[in-house]
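Asker: Dropping the structure in here first, questions after.
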Amino acid sequence: MYWLIGSLVVIAMMGTLTVADKVAIPTELFSIGVASTSGLFILLILFSIILLTLTQFHVSSATNHHTSSSILKNAERSSRIVKYFLFTILATLLVAGSALQALVTHHKAAAAEITDPIRVQALVRIEGLSDSVYSPSADSGYRQVAVLTNVTPLITELTPQDLANSTRDYIAKNSLSNNNTNSSNQDNDSNVTYRALLNSYPKSASTDATLSNLNNLQPGDTLFMSLALAPLVASDQTINNASGFDSYRWLRGRHIDGSANILAISLLTVSNNKASLNEASHQDPTSDSYLERLRLHIDIGRWQLRQHFYRDWSAQTTAEQQAKAVTLSLLTGDRSLINRDTKDLYQLAGISHLLAISGTHVLFLAIVLGGLIVLLLNQLCPALYRYIPRWQVRWWTMIGAAFIYALFTGFDVPAARTAWMLLAIGLVRVTLLPISTMRVLLALAILMAWYDPYVLWQAGYWLSFIAVALLLKYDDTSHQHSTAESVVPYTNSKSTHKSKKLFGHALRAVWRIFKLQFWLFFTLLPITLLLFGKASLWGLVVNLFAIGLFGWVIVPLNLLAGLCYLLSPMVADTIWSLVITIVGSLHELIGWLTSLPALSEAWLYTPVSMAILLMVVLSILPWLLPRGLLSRWLILPPLTLLMMTVYANQQSLTIVPTLYVLPTGDSYITAALLTYPTVNKESSNWLFLANHRPASTRTTPNSLTADTLSASLEQQLGSLSVNRLESVIVQSSSVGLTDTLTSDNQRMISSTNNSELLPKTVVHLGERLPISRYWQAGRSEHWLTFQQAYKTTSGVKSQTNISAQNCEQGSVWQLANGDISIQAMTGWSQIGDASVWDCTIAIDSRTPIQVRRYNATDPLKSSPINPHLQLANSYLDDSRIDTSRTDTSRSRLILDTDTHQRVWQMWSLLCTADLADERAVFENTTWLGHSTSQVTADVMVRQSVDTVMIYDDKPLPVALSLNTLDNSVDIEAVRPQE
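Start counting at 1 in the sequence shown, then tack on 1, and there's your number in my numbering.
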């Protein structure tokens with residue numbers, strides 16, 4: 002019953018948060034005074050205590066035969082009825098109260114969020130450490146959580162000097178208003194406060210010098226900035242991104258109210274830290290100023306340690322930088338200096354969990370400090386044990402060390418769970434309550450969810466608690482097994498050599514480690530696939546030595562260096578040099594292992610449905626239950642069915658010709674994958690990339706980077722069972738590749754030309770997937786030189802070059818049996834006008850091609866794209882079709898890319914001679930384009946378009962004209978003369 006109620010509480014809270022995001026709830030429901038998170042939290046704890054007390058009350062059975070048995074039976078029955086009734090009422094109130102707690106929390110978050118995009122001037126208080134650092138050379142942006150106050154709409158563009166003047170005015174006003182507390186409080190009460198995620202990415206060389214000062218902002222600094230505020234994108238709009246990662250839930254889990262792009266910053270900061278703390282207290286009236294000051298000092302210490310590691314950063318090699326970055330992450334949990342390649346390396350090796358501060362780090366430090374304190378007391382003050390037991394001295398020391406270190410690392414879920422777990426287990430031992438460790442773990446998970454319901458949206462919450470529960474279960478099982486083996490007498494001790502015994506012990510230790518790793522990998526595999534959509538098979542191998550290396554060598558030395566840093570930074574640097582060398586060697590070893598050609602297929606992609614989860618549970622159920630209750634051979638049927646289901650899911654992706662529209666994170670950047678099955682039961686895969694951002698119209702700047710786009714594309718291609726590409730076609734012209742190449746490659750690569758994004762992405766993709774051919778719109782004669790220059794400056798390790806062809810009108814590729822052909826309809830790179838270089842692609846197929854929008858959570862359920870316009874094709878003369886031809890059933894899919902109207906003007910002038918024959922061949926024609934397309938109705942009529950689809954689901958301007966044509970109004974005016 003204990004586990005049932007706990008499960009219902011968690012399910013009720015998760016369901017409430019999910020429904021509250023999609024259903025508008027009247028605000029009048031929250032006007033009652035009881036609807037406060039702190040009050041509900043205390044009330045839920047009281048209900049839990051009463052419920053636990055009630056379960057401990059047992060009604061004595063009637064055993065006295067001298068008393069009327071009927072009276073005793075009736076009394077016993079009445080007591081049980083009352084007990085069960087109270088138990089049901091309290092359990093129902095507990096579950097309902099948990100749902101109400103989640104609902105109130107969601108309402109408060111929704112009331113404080115940014116609702117409309119707007120440009121503002123705001124007073125920004127830096128909170129904690131930034132997620133990354135601003136580095137134009139490394140193409141790295143600045144991301145930082147901050148509190149925004151004094152928010153006013155931005156009327157004109159502000160320079161850093163204007164913002165500095167605003168800072169001086171604010172300091173003068175604040176100093177004058179210190180004597181008038183009431184008026185100051187009134188001003189604060191009327192001010193809007195937001196907690197936003199600041200973003201700034203390198204865009205141009207003119208702003209790099211100013212924005213580079215962002216790296217010098219430490220926690221607690223307050224300054225004026227001009228910002229472009231934007232609301233959070235709803236969950237249903239972000240769930241179908243590259244990896245199924247829900248950015249909305251991730252930001253909500255961090256209590257972010259919106260995003261803010263930095264436009265300009267003041268070079269003068271407010272030096273009144275007390276005012277910053279008052280702003281924080283105003284944001285959370287229940288916060289304690291002492292705790293705020295403690296947290297601020299801890300964050301400043303973490304920032305100073307980062308600056309210590311970041312010193313002389315540009316003078317070091319990339320390998321040295323990343324070894325230092327990982328060392329810093331293992332010490333403080335600060336991953337801002339780790340680049341994308343290192344994160345990908347750890348993900349591929351299956352050890353990305355080691356980059357975060359786990360409970361092992363906290364527990365190890367607590368155990369070491371607890372042992373040292375007990376050792377000192379044994380020598381200096383053993384009389385203390387007369388008043389306090391030795392285990393309590395060790396316990397209090399461990400608790401203090403755990404909480405301080407957890408605060409120093411940001412108090413994330415794994416570290417917080419370890420600290421609270423130590424406290425709870427110690428309290429159970431002090432009070433001598435008969436509560437198992439598993440029940441303590443469940444109670445702690447529920448308490449953390451009650452305190453902050455949004456923690457249920459964090460992957461670290463589930464992985465942390467589930468991993469600890471599995472470790473406890475494994476420990477219980479292995480302990481019982483070792484106890485059973487220990488009763489067997491050892492009779493051959495005299496004849497066994499000592500070295501053989503040591504070898505046997507070592508072999509058994511290695512076998513236990515392998516069994517533990519095997520157990521954790523396969524039991525955590527379903528939740529890993531459910532949360533991240535993929536799992537690395539390398540984790541089963543690399544974790545065998547990586548966990549021991551990190552746990553017994555790297556982490557202890559790192560913690561020792563951190564303690565020495567407080568006393569002697571020189572000694573700490575010496576120890577850190579050793580740690581950095583070990584980490585760098587580990588990176589080289591992992592890089593060599595994961596690059597082996599025979600073991601390149603390391604990722605497991607599969608959608609996790611309820612049926613798969615059920616089969617997984619049935620497969621591991623005999624191992625979770627007590628040994629001997631169920632036969633272990635019973636896992637074979639569900640395990641076999643699971644393997645067949647996964648294999649069938651992978652094969653079903655390549656049965657029907659399909660064009661998947663892949664999400665990129667930028668509405669103007671599109672990616673589409675064509676999978677076409679061939680006779681050998683494989684598929685021919687084509688990737689189409691295009692940039693639809695019109696040069697003549699002012700749009701939102703592009704913040705997408707090549708490594709980010711390539712990583713997301715690799716994730717999506719892997720989930721679609723694509724391990725090689727027949728070709729990549731970049732349909733947008735890359736003007737940057739046609740410029741005169743200078744001797745300074747760095748200046749060429751750092752130029753902020755959006756057209757270089759897609760060629761850079763191809764370079765990164767070429768390192769992850771084999772690519773047979775590459776078509777590039779525009780003039781690609783400088784492609785190889787650009788490729789080598791970009792590899793040199795960006796650090797991409799490539800062994801081969803991708804030969805490029807011009808994607809221009811007349812380029813054709815087709816299968817040998819003629820089932821499918823791909824040809825370029827537009828693109829004239831020989832003309833010295835870049836506006837006519839965009840390359841529209843026509844895909845002709847015997848089998849109709851389905852067009853679907855990729856679903857990251859389940860690619861098998863990728864939904865078809867709804868037609869933006871369905872035409873009756875009334876302008877096509879059916880008598881023109883030669884029904885005696887065998888290829889009249891062919892269909893055509895046109896992927897339109899044009900950023901200027903001259904593309905289709907040129908096509909109308911040069912490519913209309915053979916239109917009559919083409920229309921006689923294709924039974925149906927589908928047009929897939931972007932809302933910014935410059936195509937005209939005349940072009941679509943000439944192409945005999947039946948269906949129009951739009952990448953970004955926005956209105957197409959030419960749609961109204963097409964509707965008019967569909968009604969047969971003035972068709973002759975646009976029908977080509979033959």
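Virtual Cβ for every residue (Gly too), placed ideally from N, Cα, C. Everything numeric in this text was worked out from a predicted model, so none of it was measured.
(1) Which complete beta strand (DSSP E) runs does the segment 372 to 414 hold, if anything under 3 residues is left out?
(2) Between the Cα of residue 153 and those of 128, 137, 194, 160, spot the shortest distance and give me the residue it belongs to.
(3) Taking DSSP as the reference, what is the three-state secondary structure of residue 742?
(4) Under 7 Å Cβ to Cβ from residue 639, same chain only, skipping five residues before and after it: list those, please.
(5) By the three-class DSSP mapping on this structure, what secondary structure does residue 646 have?
(6) Does the structure place the segment 111 to 119 close enough to the segment 209 to 226 that three or more beta carbon pairs sit under 8 Å?
(7) If you drop the 5 nearest sequence neighbours on each side, which residues of the same chain put their C-beta closer than 6 Å to that of residue 850?
(8) Nearest to residue 256 by alpha carbon, out of 109, 328, 383, 525?
(9) Report the residue from 95, 136, 295 whose alpha carbon sits nearest the alpha carbon of residue 315.
(10) Identify the residues that DSSP records as bridge partners of residue 226: which are they?
(11) Whole angstroms is fine: what's the gap from residue 436's alpha carbon to residue 429's?
(12) Considering residue 232, what are the terminal residues of the alpha helix (DSSP H) in which it resides?
(13) Please classify residue 554 as buried or exposed, where buried requires at least 16 other C-beta atoms within 10 Å of its C-beta.
(14) Can you give me the C-alpha to C-alpha distance between residue 328 and residue 321, rounded to a whole angstrom?
(15) Locate the beta strand (DSSP E) running through residue 891, then write down its first and last residues.
(16) Between the segment 91 to 105 and the segment 9 to 24, do at least 3 Cβ pairs fall closer than 8 Å?
(17) Output the distance between the C-alpha atoms of residue 44 and residue 91, rounded to the nearest integer angstrom.
(18) Which whole runs of the alpha helix (DSSP H) in the segment 797 to 851 are 4 residues long or more, in chain order?
(19) Helix, strand or coil for residue 769? Go by DSSP, reduced to three states.
(20) Relative to the C-alpha of residue 341, which candidate in 379, 146, 142 has its C-alpha closest?
(21) Could you spell out the range, first to last residue, of the alpha helix (DSSP H) harbouring residue 344?
(22) Going along the chain, which residues of its own chain have a beta-carbon closer than 7 Å to the beta-carbon of residue 303, five neighbours each way excluded?
(23) Taking the alpha-carbon positions, what's the residue 816 to residue 774 distance?
(24) Could you spell out the range, first to last residue, of the beta strand (DSSP E) harbouring residue 536?
(25) According to the neighbour-count rule (16 or more other Cβ atoms, all chains shown, within 10 Å of its Cβ), is residue 689 buried or exposed?
(26) With a threshold of 8 Å on Cβ separation, who are the neighbours of residue 46 within its own chain once the five nearest residues in sequence on each side are excluded?
(27) Suppose contacts are defined by Cβ-Cβ distances below 7 Å. Is residue 403 in contact with residue 423 by that definition?
(28) Thinking just about the alpha-carbon of each residue, which of 818, 417, 415, 441 is nearest to the one in residue 426?
(29) Does the beta-carbon of residue 840 have 16 or more other beta-carbons within 10 angstroms, so that it is buried, or is it exposed?
(30) Give the C-beta separation of residue 595 and residue 350 to the nearest angstrom, bearing in mind that I take them to be a contact with Cβ-Cβ under 8 Å.
(31) Which word fits residue 18, buried or exposed, when buried means at least 16 other C-beta atoms lie within 10 angstroms of its C-beta?
(32) Looking at the strands, I want to know which residues DSSP matches up with residue 865.
(33) Quick one: measure Cβ to Cβ for residue 766 and residue 711, integer angstroms, because I've assumed they're closer than 8 Å.
(34) Between the Cα of residue 758 and those of 667, 845, 641, spot the shortest distance and give me the residue it belongs to.
(35) Less than 8 Å between C-beta atoms, sequence neighbours within five positions excluded: which residues of the same chain meet that for residue 715?
Answerer: With the structure as the only source:
(1) none
(2) For the purposes of this step, residue 153 is identified with residue 152 of the sequence shown, where counting begins at 1. Looking at 128, 137, 194, 160, the one whose alpha-carbon comes closest to that of residue 153 is 194.
(3) Stepping through the sequence shown from its first residue, residue 742 is reached at position 741. Summary for residue 742: the model assigns pLDDT 34, below 50, so the residue's position carries little reliability; its value from the coordinates is reported in the next sentence. The answer is coil: DSSP assigns residue 742 none of H, G, I, E or B.
(4) For the purposes of this step, residue 639 is taken as the residue at position 638 of the sequence shown. Its chain contains 616, 619, 620 as the residues whose beta carbon lies nearer than 7 Å to that of residue 639, once the 5 sequence neighbours on both sides are disregarded; these appear in chain order.
(5) Reading the sequence shown from its first residue, position 645 is the one you call residue 646. Looking at residue 646 - three-state DSSP - the assignment turns out to be helix.
(6) With a cut-off of 8 Å, the segment 111 to 119 and the segment 209 to 226 do not count as touching, because too few Cβ pairs lie within range.
(7) Counted from its first residue, the sequence shown places residue 850 at position 849. Correct list, in chain order: 658, 660, 894.
(8) Within the sequence shown, numbered from 1, the residue matching residue 256 stands at position 255. For residue 256, the nearest C-alpha among the options comes from 109.
(9) Here residue 315 refers to the residue found at position 314 of the sequence shown. Taking only the C-alpha atoms, the option nearest residue 315 is 136.
(10) Locating residue 226 in the sequence shown gives position 225, counting from the first residue. 123, 266, per the DSSP bridge assignment.
(11) To locate residue 436, count along the sequence shown from 1; it is residue 435. To locate residue 429, count along the sequence shown from 1; it is residue 428. The alpha-carbon atoms of residue 436 and residue 429 are separated by roughly 7 Å.
(12) For the purposes of this step, residue 232 is taken as residue 231 along the sequence shown, with counting starting at 1. Premise fails: residue 232 is in no alpha helix (DSSP H) and is neither H nor E.
(13) Walking along the sequence shown from the start, residue 554 turns up at place 553. Exposed, by the Cβ-count rule.
(14) In the sequence shown, residue 328 corresponds to position 327, counting from 1. In the sequence shown, residue 321 corresponds to position 320, counting from 1. Cα-Cα distance, rounded: 11 Å.
(15) Numbered from 1 along the sequence shown, position 890 holds the residue referred to as residue 891. Start and end: 891 to 896.
(16) yes
(17) On the sequence shown, position 43 is the one that residue 44 refers to. On the sequence shown, position 90 is the one that residue 91 refers to. Between the alpha carbons of residue 44 and residue 91 lies a distance of about 12 Å.
(18) none
(19) Start at 1 with the first residue of the sequence shown, and residue 769 comes out as number 768. It is helical.
(20) Here residue 341 refers to the residue found at position 340 when the sequence shown is read from its first residue. Per the Cα distances, 142.
(21) Here residue 344 refers to the residue found at position 343 of the sequence shown. Element bounds for residue 344: 341 to 350.
(22) Taking the sequence shown and counting its residues from 1, the one referred to as residue 303 is at position 302. Within the same chain, residue 303 has close Cβ partners 130, 333, 335, 409.
(23) Translated into the one-based positions of the sequence shown, residue 816 becomes position 815. Translated into the one-based positions of the sequence shown, residue 774 becomes position 773. Taking the CA atoms as reference points, residue 816 sits about 14 Å from residue 774.
(24) Your numbering for residue 536 matches position 535 in the sequence shown. Note, residue 536: beta strand (DSSP E), 535 to 537.
(25) Locating residue 689 in the sequence shown gives position 688, where the first residue counts as 1. With 16 or more Cβ atoms within 10 Å of its Cβ, residue 689 is classed as buried.
(26) The sequence position of residue 46 within the sequence shown is 45, counting from 1. Around residue 46: 448, 451.
(27) Taking the sequence shown and counting its residues from 1, the one referred to as residue 403 is at position 402. Taking the sequence shown and counting its residues from 1, the one referred to as residue 423 is at position 422. For residue 403 and residue 423, yes; Cβs fall inside 7 Å.
(28) As a first step, residue 426 must be located in the sequence shown, where it is residue number 425. Residue 426 has its Cα closest to that of 441, out of 818, 417, 415, 441.
(29) Within the sequence shown, the letter at position 839 stands for residue 840. Buried: at least 16 other Cβ atoms inside 10 Å.
(30) Counted from its first residue, the sequence shown places residue 595 at position 594. Counted from its first residue, the sequence shown places residue 350 at position 349. Contact holds; Cβ gap of about 6 Å.
(31) Here residue 18 refers to the residue found at position 17 of the sequence shown. Buried: at least 16 other Cβ atoms inside 10 Å.
(32) To locate residue 865, count along the sequence shown from 1; it is residue 864. The partner list for residue 865 (beta bridge, DSSP) reads 853.
(33) Within the sequence shown, numbered from 1, the residue matching residue 766 stands at position 765. Within the sequence shown, numbered from 1, the residue matching residue 711 stands at position 710. So it is a contact: roughly 5 Å between Cβ atoms.
(34) Taking the first residue of the sequence shown as position 1, residue 758 is located at position 757. Measuring from the Cα of residue 758, the nearest candidate turns out to be 667.
(35) Against the sequence shown, residue 715 aligns to sequence position 714. Only 766, 769, 770 meet the Cβ criterion.
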